[in-house]
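Down below is the structure, laid out as structure tokens.
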Amino acid sequence: MLTPTVDFGTTYTGISYVHSLTPSVEDITVITSWPGKAGFKDSRTYDKVPTEISYGRDGSFNEVPQEWGYQLAAGQPRYGCFKLLLDGSLPEIHIRRNGSGGVILEEDIFVDPGNPNAITTPLPAGITAVDISADYLKFVYEHTIDVLKEAMPTTFGVTPLQFVLTTPAVWSHKAQSATLEAAERAGFGSRPNDSILMVSEPEAAANYCLQEQRTNQGVGVEVFNPGNKVVICDCGGGTVDLITYLVEEVRPILKLTEAAVGDGGKYGSTSIDRQFITMLKDRLGGEREFNKLGPRRTGRGGAIMEIFESAKRGFVLGDTRQKWYIPLGNVPDNFEQQIEDGELLLEYDDMESLFENSVTNIIRLLHNQIAMVGARSVSAILLVGGFGQSNYLMRSIENWLSSEFPGTGIRIERPKNAWSAIARGACLHGIEGIVRSRKLKQHYGLKLGIRFREGYHKEEDSFYDDWTGLKYSSNNISWYAEKGDTVQDGERLTIDCQQTSINRPYDKLQLHIYSSNSDMATDNLQDPSVYKLGTYAADLLDLPETAWESKQLMDGNIVYRACFNTVMETGSADIVFKVIYNNKVYGSARMPYVSMGEGLRLCT
């Protein structure tokens, strides 16, 4: 079996693969060649490909996508950041930053801030986030297959592929399901004997960091001692994703448990690009003068952004001698705005102001994670992702740790291959998962009838149970598990259920799954904090005779009752619900969601 992995990112996507018989970091292969003239530029474009797609060079929309990734020329029309649209809990692609006078500003995230032809929203009429993600992932899938065929020409056709897709720790169930749907439509898992798994991005990163430590290539040996807590901080182009793990065991295999509920925000490195473009417009005298430069120069891959990208990556905290000259071409000198001989001078303070919002918010997220688990138990913060390679970010976090948590010994570590750490770690997850328990990010429950309580339940919600004759209330939730609960990977959380019917045999039973993000969940279905995740069916026709009881009512009717269990099983990036009687499954579904008009995905 071969395990290819896809780190489907907001701004860049990475692919790795490994044979299941050789699950070590040295045996992981990262795909580094991509279609398009820019595929071999430098280390920035070596391990990943831009998460961008074009439906027409002139900005028109063709039903069949035309180009992707590095095939797109600077300034060319494109769609990007569509991954963020997969999550219905992120209805608007905005970021928050501090403005002058303490004002909080909300601004759009742009896939390519210097390219007015780059589009995040709106999508074309009739096109959904799943549609455009599937179109992009189809390019990724086809390229992956081409690379694997070339790498193993004689055995590829008979080798099962177990694809592993990564998702953010803060992703909703709806977004996880939408990602899986897009991948399946793109072709992943479509060959006989191929399959798809999903894993959270920080879990994959932790897996890689440990295996790297074991081979003495990067992260310090002390980080993964049993009893330590490790904060994984994945700083990408569009988003930042954090989660904290408790190390339970290291040998013979790594065992982790989630120590805190994951967190995150849209504070990736593209927000620095956006602020640079804003600064450039101001110094040139406004939008009109900026537009004269043209998107071929100010867009991603253009001369201006290439130089700025190099400056951004080389920015070092505390080295105030640093200066950068950004070529603008034929523009008038403006000494007050530091423009001379067709170049814009950026000094240390200028660059620091561009980084400030992202770094401040990342530190805020880190503080929240550490405060939740206790600073004395945290051994390290592991920085991964493209932005995680920034010297300025890493040193800023170091200084903050020294002042905020002195004497705790918390280290800031960055593994080798930080940009591709998630794709590499996902390969190892495909061989053997490492997280043994997780913190639930929300409450989970079923809509069930419960005993009516006078003065508490509404009379219009009441009904009498045919079997017992007792008064019950509908529109109530029985919770499986609560937000913040620790559940073992694969653990079954069970609710006893029963179905009463006068017309036996009863056909399909619709089970309605609900959730709440509130710290204290109410059992009232009408409460605005309770929302529907989905509905799945149990085929009670298939239940054996032993599952049913019967008795005759006083009016002569026969009433039947079946007792069974509904079970919730947790995994890294999905949750499975099942209806079980005597250890046999009579209906099951993966999260989600009717709330987005999709319905639950049936398990096979």
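Be aware that the sequence shown starts at 1, since it is given in full-length UniProt numbering, and climbs by one per residue. We put the CB at the ideal spot given by N, CA and C, even for glycine. These figures come from a predicted structure and were not determined experimentally.
Buried versus exposed call for residue i [16 or more other C-beta atoms within 10 Å across all chains shown]
i	result
residue 558	exposed
residue 510	exposed
residue 256	buried
residue 234	buried
residue 454	exposed
residue 54	buried
residue 422	buried
residue 305	buried
residue 273	buried
residue 40	Per-residue confidence for residue 40 stands at a pLDDT of 47, beneath the threshold of 50, marking its modelled position as unreliable; no derived number is given.
residue 464	exposed
residue 17	buried
residue 321	exposed
residue 140	buried
residue 399	exposed
residue 428	buried
Under the three-state DSSP convention, the category residue i falls into
i	result
residue 193	coil
residue 137	helix
residue 226	coil
residue 172	coil
residue 205	helix
residue 277	helix
residue 152	coil
residue 447	strand
residue 474	coil
residue 262	strand
residue 367	helix
residue 70	helix
residue 300	coil
residue 561	strand
residue 295	helix
residue 104	Low per-residue confidence applies at residue 104: pLDDT is 40, beneath 50, and the placement is therefore not dependable, though the value from the model is reported in the following sentence. The answer is strand: DSSP assigns residue 104 an E or B state.
residue 188	coil
C-alpha gap between residue i and residue j, whole angstroms
i	j	result
residue 136	residue 62	14 Å
residue 462	residue 469	12 Å
residue 329	residue 532	56 Å
residue 4	residue 168	18 Å
residue 280	residue 426	39 Å
residue 481	residue 447	14 Å
residue 319	residue 361	22 Å
residue 288	residue 302	19 Å
residue 596	residue 536	Any reading at residue 596 must be qualified, since the residue scores a pLDDT of 26, below 50, and its modelled position is unreliable; the value itself is stated next. The alpha-carbon atoms of residue 596 and residue 536 are separated by roughly 14 Å.
residue 295	residue 80	16 Å
residue 127	residue 177	17 Å
residue 25	residue 409	28 Å
residue 566	residue 405	45 Å
residue 265	residue 355	15 Å
residue 457	residue 86	37 Å
residue 73	residue 56	12 Å
residue 248	residue 496	32 Å
residue 196	residue 417	25 Å
residue 158	residue 146	15 Å
residue 494	residue 564	10 Å
residue 89	residue 155	Confidence at residue 89 is low in this model, with a pLDDT of 49, below 50, so the placement of that residue is unreliable and no value is reported for it.
Close beta carbons around residue i, own chain, < 7 Å, minus the five adjacent residues each side
i	result
residue 259	229, 244, 245, 246 and 373
residue 263	170, 242, 365, 368 and 369
residue 451	470 and 472
Beta-carbon proximity list for residue i, same chain, < 8 Å, skipping 5 on both sides
i	result
residue 585	578 and 579
residue 333	339, 340 and 341
residue 223	209, 213, 230, 379, 380, 382, 411 and 413
Neighbourhood of residue i by C-beta, 6 Å cutoff - its chain only, sequence neighbours within 5 removed
i	result
residue 395	317
residue 165	6, 183 and 198
residue 83	10
residue 518	529
residue 351	315
residue 14	7, 47, 48, 420 and 423
residue 267	240, 358, 361 and 362
residue 391	316
residue 445	477, 478, 479, 480 and 514
residue 67	54
residue 449	472 and 474
Any chain B beta carbon closer than 8 Å to residue i
i	result
residue 46	Looking at the structure shown, chain B is missing, and only one protein chain is on hand.
Q.
For the pair the region 522 to 531 and the region 464 to 478, tell me if three or more CB-CB distances fall below 8 Å.
A. With the cut-off at 8 Å, the region 522 to 531 and the region 464 to 478 touch.
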